Amino acid sequence: MMKKMTEYVALASPKGGVGKTALAASIALLLAREGHDVLLADFNFSSPDIALHLSINNPPQTLTDVLKGHIPLNGALYSHKAGLKVLPASQHSHSHELFPLLHKHLPYLAEQADIIIADFPSRADAQVLNLLATFDKSFIVSSNDRTSQRRAAEFEQNLRKLNPGRVFHIINQVRPLPSPERTSDVHGVFHVPFDAEFHEALHKGNLHSLFNKPTPALNYITLILRKVFPERIKPGMKIGTLIS
Numbered sequence: 044m045m046k047k048m049t050e051y052v053a054l055a056s057p058k059g060g061v062g063k064t065a066l067a068a069s070i071a072l073l074l075a076r077e078g079h080d081v082l083l084a085d086f087n088f089s090s091p092d093i094a095l096h097l098s099i100n101n102p103p104q105t106l107t108d109v110l111k112g113h114i115p116l117n118g119a120l121y122s123h124k125a126g127l128k129v130l131p132a133s134q135h136s137h138s139h140e141l142f143p144l145l146h147k148h149l150p151y152l153a154e155q156a157d158i159i160i161a162d163f164p165s166r167a168d169a170q171v172l173n174l175l176a177t178f179d180k181s182f183i184v185s186s187n188d189r190t191s192q193r194r195a196a197e198f199e200q201n202l203r204k205l206n207p208g209r210v211f212h213i214i215n216q217v218r219p220l221p222s223p224e225r226t227s228d229v230h231g232v233f234h235v236p237f238d239a240e241f242h243e244a245l246h247k248g249n250l251h252s253l254f255n256k257p258t259p260a261l262n263y264i265t266l267i268l269r270k271v272f273p274e275r276i277k278p279g280m281k282i283g284t285l286i287s
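Every position in the sequence shown, counted from 1, becomes a number in the numbering used here once 43 is added.
Written out as C-alpha cells, the structure reads:
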C-alpha cells in the first residue's frame, strides 16, 4: 500500500451498470465542497463517463494522451467550477491496453492533489486487482440484486487477499429507502437509495447542480463519507447544505 500524504481512493465493480461512476463523481464533489484538494481521475477506458457527468464535453486532451506519451499529466487536467480537478479519459479511443501503464503514473497524481478519486473499469481481472491493491481505500459497488452483491463480495474477497486494508462495499440504488441505521453495518457494507432527481441530473451531465440542496442519495453518500473519512469530515460538520 502507498504510504504518503496523498490519499488514493478507488471506486470499482466487477460489472457495469451499478452507478459506480456517479458515486465516484459524487464523492469527489462532496469532498471538494468540504474544502479538500481533490482530483477525480477516469481510469475506466471502456466507459469513460466522468467528463460527461460533469459537463466537460469532448475534452481535447485526456489521460489517454498522457499514457501514450503525447503530453505531460498536467496538460490533461481540467479545473471544474465545483472546486475539483478532473482527469478525463478519451471518449473516442477506448484504449484498454493502456491500463497497465497507470501504475507508474500514480506518484505524479500525488503532485496534483491531496485526495485522488479514481473510477476503475468494471471488471475483476488481475490487472484491476493489482492496481486496486496499491490504493488506500477501495469502494466495491454493486446493485441491490443478489447476483450483483455476490459478485461484488467475491471481488472484495480477492482484493483483501492482496491488500487487507480498507475495503468497503456500497450497495447502490436500493429500493425502498433504507433507514439511516442501514447506511452501514459492522462489515463495512453501505447502502445508497435510488434517487430519481439524482439520476435525472446525472443523465443531463449536471450532477454538480444538486449540491446546494439535499436529495436522498447525496444524504446517504454524505453519511458514508463521515464514516470512511472521519479525519477529513469532522463530526457535526455540514457538507455544503446537506444533512447536519
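For each residue, glycine too, the CB sits at the ideal point set by N, CA and C.
Since this is a predicted model, take the numbers as computed values, not measurements.
Starting from F198 and walking both ways along the alpha helix (DSSP H), at which residues does that stretch end? Run containing F198: R189 to L205, per the alpha helix (DSSP H) assignment.
State the Cα-Cα distance for the pair H242 and A260, rounded to the nearest angstrom. Using only the alpha carbons, I get a separation of about 9 Å.
Do you know how far the Cα of L83 is from the Cα of L51? The sequence shown places Tyr at residue 51, rather than the Leu named in the question. Each residue's CA atom was taken as its position, placing Y51 and L83 some 10 Å apart.
Once the 5 residues before and after I282 are set aside, which same chain residues still bring their CB inside 6 Å of it? Note that I282 scores a pLDDT of 46, beneath 50, so its modelled location is shaky; the value from the coordinates is reported in the next line. If you ignore the 5 residues before and after I282, its C-beta comes within less than 6 Å of the C-beta of L73, R76, E77 and T265, all in its own chain and listed in chain order.
Nearest to I93 by CA position, among F142, L250, P257 and A156, is which residue? The residue with the shortest Cα to Cα distance from I93 is L250.
Quick check: what's the CA-CA separation for L172 versus V235? Taking the straight line joining both Cα atoms gives about 24 Å.
Taking just the CA atoms, how far does Q170 sit from P103? A straight-line Cα-Cα distance of about 27 Å links P103 and Q170.
To the nearest angstrom, report how far apart S185 and D162 are at their CA atoms. Distance between the alpha carbons of S185 and D162: 14 Å.
Under the three-state reduction of DSSP, which class applies to S252: helix, strand or coil? The three-state reading of DSSP puts S252 in helix, counting H, G and I together.
Quick test of your reading: P91 and A167, contact by CB under 8 Å. State the CB separation rounded to the nearest angstrom. A167 and P91 do not touch by the CB rule: their CB atoms are close to 19 Å apart, not below 8 Å.
Using only CA atoms, which one of K124, L145 and H139 lies nearest to L97? Taking only the C-alpha atoms, the option nearest L97 is K124.
Helix, strand or coil for P259? Go by DSSP, reduced to three states. Correct three-state label for P259: helix.
Residue ranges of each beta strand (DSSP E) within the segment 66-151, 3 or longer: Counting whole runs of 3 or more residues, the segment 66-151 contains the beta strand (DSSP E) stretches 81-85 and 128-130.
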